[in-house]
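J.: Numbering (this note's numbering), first residue to last: 2 to 86. Every residue gets a Cβ at the ideal spot worked out from N, C-alpha and C, and that includes glycine. Keep in mind that this is a model prediction, so the values were computed, not measured. Below: one structure in structure tokens.
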């Protein structure tokens, strides 16, 4: 039977492949932005909860790290949007 960490690593690998595939697709930049950033958020949450072992941590520490992830991904999306206008 596969260990949980191995399964989660395979999920991260598959999500990375999906993000790369989307970025290589011949779609418009705006059509790719939301799915790639959403994939990045989900991947970040998996890393934070499972590999950084913050799933069982007290709420403030977990929310600080998750909040940082949301801020960084949001700023990337905002910068990308501003560059398109």
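Throw me the rounded Cβ distance for the residue 42 and residue 70 pair, which I believe falls under 8 Å.
T.: Confirmed, about 7 Å.
J.: Can you give me the start and stop residues for the alpha helix (DSSP H) that residue 70 sits inside?
T.: It spans 60–85 - the alpha helix (DSSP H) in which residue 70 sits, taken as one unbroken run.
J.: Rounded to whole angstroms, how far is the Cβ of residue 78 from the Cβ of residue 34, which I believe are closer than 8 Å?
T.: About 6 Å separates the two Cβ atoms, so the contact holds.
J.: Just to check my reading of the structure: residue 66 and residue 47 have Cβ atoms closer than 8 Å, yes? What is that Cβ distance to the nearest angstrom?
T.: That belief does not hold up - the Cβ atoms of residue 66 and residue 47 are roughly 13 Å apart, past 8 Å.
J.: Using a Cβ-Cβ cut-off of 6 Å (strictly less than) and excluding sequence neighbours within five positions of residue 20, which residues of its own chain qualify?
T.: Answer for residue 20: 37, 40, listed in chain order.
J.: Where does residue 2 sit, in a helix, a strand or coil, going by DSSP?
T.: Residue state, collapsed to three classes: coil.
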